[in-house]
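The C-terminal position of the sequence shown is numbered 152 in this note's numbering, with every residue numbered one higher than the one before it.
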Amino acid sequence: MTDRSKKVVTTRGGKTDGWGFVIRTNTGDAIAAGARSLEAVRDVLCAEAEACHSGVVVAMEQEIGRIIIETGSSILVIALQSDKYHLSAGGAIFAEIKYLFYLEFVEASVFTRLVLVIVLRMN
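This is the structure:
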């Protein structure tokens with residue numbers, strides 16, 4: 030049976046080191062993770078997008094229906110929620126991630142960790 034409950038994909042990317050992601054359940058238990066070193070990347074935003082894309086692909090392969098993308102990059106959030114950065118260096122990967130959201134998931138949300146913390150404290 031496919032687990033359709035909401036999962037959180039947390040991403041981390043850096044220009045000189047690498048990227049990684051962790052997929053957690055709504056109770057915080059890790060169910061998948063991935064990381065990779067970077068040979069070359071244009072900027073930190075592209076590294077963060079690579080981490081996000083890889084996390085989304087793994088979530089899709091595990092047939093997770095609802096995901097929350099949690100990232101430290103407010104620009105990545107804007108890029109995935111709008112077309113504002115579609116002509117930037119990361120435009121193609123942003124479009125691919127949004128396409129996967131639409132095609133493969135019942136629900137997909139994107140937040141920065143800072144915004145998520147503020148929302149939790151307000152409740």
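C-beta atoms are modelled at their ideal positions from N, C-alpha and C, and glycine is treated no differently. Being a predicted model, the structure only gives us computed values, none of them experimental.
For residue i, three-class secondary structure by DSSP
{"i": "S66", "result": "strand"}
{"i": "A118", "result": "coil"}
{"i": "R150", "result": "Annotation note: pLDDT 47 at R150 (below 50); position unreliable, coordinate value reported separately. R150 falls in the helix class under three-state DSSP."}
{"i": "I153", "result": "The structure shown does not extend to residue 153, since the chain spans only 30 to 152, so no value can be given for it."}
{"i": "S102", "result": "coil"}
{"i": "G84", "result": "helix"}
{"i": "V73", "result": "helix"}
{"i": "I126", "result": "helix"}
{"i": "E133", "result": "helix"}
Beta-carbon proximity check, residue i vs residue j, cutoff 8 Å
{"i": "I98", "j": "C75", "result": "no"}
{"i": "I126", "j": "A62", "result": "no"}
{"i": "R95", "j": "E136", "result": "yes"}
{"i": "A160", "j": "G47", "result": "Beyond the ends of the chain as shown, which are 30 and 152, falls residue 160; an answer cannot be given."}
Member of the options whose CA lies at the smallest distance from the CA of residue i
{"i": "S138", "options": "S83, D72, T100, A118", "result": "T100"}
{"i": "L132", "options": "E68, A88, D58", "result": "A88"}
Residue i to residue j span [Cα, whole Å]
{"i": "T54", "j": "E90", "result": "16 Å"}
{"i": "F130", "j": "S66", "result": "25 Å"}
{"i": "K113", "j": "L105", "result": "10 Å"}
{"i": "D58", "j": "H115", "result": "34 Å"}
{"i": "F123", "j": "L109", "result": "6 Å"}
Nonlocal neighbours in the same chain, by C-beta distance under 7 Å from residue i, ignoring five residues either side
{"i": "S103", "result": "T141"}
{"i": "F134", "result": "G94, R95, I96"}
Residues near residue i by beta carbon distance below 8 Å, same chain, minus five either side
{"i": "V86", "result": "L129"}
{"i": "I60", "result": "K36, I52, R53, T54, Q91"}
Own chain partners of residue i with C-beta closer than 6 Å, once the 5 adjacent residues on each side are dropped
{"i": "G119", "result": "L74, C75, A78"}
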